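Participant: Questions regarding the structure given below will be posed in turn.
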Amino acid sequence: MTWRFALVLEPAASDDSRTDFADGFREIDPSAPALSVGELSTQRGDGIFESIGVVNGHAQEVGAHLERLAHSAGLCDLPAPNLAQWRQAVEVAASHCPSDGEGVIKLILSRGVEHGPAPTAWVTAAQAADNTAARERGVRLVTLDRGYSLDTPARAPWLLLGAKTLSYAVNMAAIREAKRRGADDAIFVSSDGFVLEAPTASLVLRKDGRFITPAPNAGILHGTTQLSLFDHLTELGHETAYETVPVSALAGADAAWLLSSVRLAAPITAVDGAEMPVDRESTASFNDYLLSPRD
Ligand code: PLP
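Under our numbering, think of the first position of the sequence shown as 88, with each following residue one higher.
Structural data, given as structure tokens:
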């Protein structure tokens, strides 16, 4: 990833009614060391983040990402972020993304320095990787047991299963395991046999013309890309639904996709070695929509 820009925020209280936070940001050199060695984000992965796709300089679905940042902060007992301040930081970062092509803005809110006074917050902007191959050729998946049953998030909320925390070591290990098994990516399944999400993407499948995604109350992230695509599909008159999806439903789907903010829609071409039908026309139209300016 080529980092182009970074800024540090002086986090403002959520009830700070300023409309201009320009003096609450400090631009930093994205290639120079910036964090204290006492940072709890690096020591413990204790913090939350968002990755926002940027297309031709336009940051996509900023409101949905900020809402999820606030939701994750609540689950993690972090101070509520001042969304007006973060929105302004995103605007500044977007102006440093490629005006022609794709970028990615990351928002990070960490618990801060051990015994320190405040959370640490920063924003980066970078050029996005080229995701053409995944969008056009698709991804082969393996199912991986996440080790939790569908009711675990309700019984054990301290596992923070619905928060987008910085603790992604498990997610990265799942992708490495998928690659060891000859696939491109993984799909997590619950210990009681239901489909959840990929390590960095949501799952949508189509069955008999209905678009279905696993319900987010099963301890998975509510994907901003899936939400946006469902709005679009509803406008086009398609039926969409949040359901509890048994693993066996994958084999019976007419088509399925992984959706995420930067890679966008990647059609699933195989699951555990079994080929899946691929709808290239719908995939192309999804990606056309996802690449159009979205707020
Ligand atoms: N699920 C997980 C675990 C993720 O990490 C992500 C994105 O990073 C998603 C789903 C998809 O979310 P979004 O569409 O907002 O990128």
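Note that beta-carbon positions come from the ideal geometry of N, C-alpha and C, so glycine has one too. Nothing here was measured: the structure is a model prediction, and the numbers come from that model.
#1: Any heavy atom of the ligand PLP inside 7 Å of the beta-carbon of Gln172?
#2: On the three-state DSSP scale, how would you describe Gln130?
#3: Does any heavy atom of the ligand PLP sit closer than 7 Å to the C-beta of Thr312?
#4: Going by other Cβ atoms of all chains shown within 10 Å of its Cβ, with 16 needed for buried, is Trp173 buried or exposed?
#5: What does the Cβ neighbour count give for Lys251, buried or exposed, with the cut at 16 atoms within 10 Å?
#6: Would you call the segment 135-150 and the segment 264-276 in contact, with 3 or more CB pairs under 8 Å?
#7: Is there contact here, the segment 181-192 with the segment 323-342, by at least three beta-carbon pairs under 8 Å?
#8: Report the partner residues of Glu362 according to the DSSP bridge assignment.
#9: In terms of residue numbering, what span does the beta strand (DSSP E) encompassing Tyr329 cover?
#10: Please find out if some non-hydrogen atom of the ligand MN comes closer than 7 Å to the beta-carbon of Leu253.
#11: Mark Leu346 as exposed unless 16 or more other C-beta atoms lie within 10 angstroms of its C-beta, in which case mark it buried.
#12: Indicate the three-state DSSP secondary structure (helix, strand or coil) for Lys251 in the structure shown.
#13: Going by DSSP in three states, Ser236 sits in which element: helix, strand or coil?
#14: Once you ignore the five residues that flank Val179 on each side, which residues in its own chain have a CB closer than 7 Å to its CB?
#15: Whole angstroms are fine: how far does the CA of Leu351 sit from the CA of Ala221?
#16: At a cut-off of 7 Å, is Glu284 close to the ligand PLP when judged by its beta-carbon and the heavy atoms of the ligand?
Facilitator: Short version:
#1: Position 85 of the sequence shown, counting from 1, holds the residue named residue 172. No, Cβ of Gln172 sits at least 7 Å from all heavy atoms of the ligand PLP.
#2: Mapped onto the sequence shown, residue 130 falls at position 43. Gln130: helix per DSSP, three-state reduction.
#3: Position 225 of the sequence shown, counted from the first residue, corresponds to residue 312. Yes, Cβ of Thr312 sits closer than 7 Å to a heavy atom of the ligand PLP.
#4: Numbered from its first residue, the sequence shown carries residue 173 at position 86. So Trp173 ends up on the buried side.
#5: Position 164 of the sequence shown, counting from 1, holds the residue named residue 251. Classification for Lys251: buried.
#6: no
#7: Below 8 Å, too few C-beta pairs join the segment 181-192 and the segment 323-342 to call them touching: fewer than three.
#8: For the purposes of this step, residue 362 is taken as the residue at position 275 of the sequence shown. Residue pairing by DSSP puts Glu362 in a beta bridge opposite Ala357.
#9: For the purposes of this step, residue 329 is taken as residue 242 along the sequence shown, with counting starting at 1. Its beta strand (DSSP E) spans residues Glu326 to Glu330.
#10: Absence of the ligand MN is noted for the structure shown, with the ligand PLP being the only ligands found.
#11: Stepping through the sequence shown from its first residue, residue 346 is reached at position 259. Under this definition Leu346 is a buried residue.
#12: Translated into positions along the sequence shown, residue 251 becomes position 164. Reduced to three states, the DSSP call for Lys251 is coil.
#13: Stepping through the sequence shown from its first residue, residue 236 is reached at position 149. Of the three classes helix, strand and coil, the one that applies to Ser236 here is coil, per DSSP.
#14: By 1-based counting over the sequence shown, the position of residue 179 is 92. Leu94 and Phe112, listed in sequence order.
#15: Counting from one through the sequence shown, the residue named residue 221 turns up at place 134. Counting from one through the sequence shown, the residue named residue 351 turns up at place 264. Rounded to the nearest angstrom, the two C-alpha atoms are 9 Å apart.
#16: Taking the first residue of the sequence shown as position 1, residue 284 is located at position 197. Yes, the beta carbon of Glu284 sits closer than 7 Å to at least one heavy atom of the ligand PLP.
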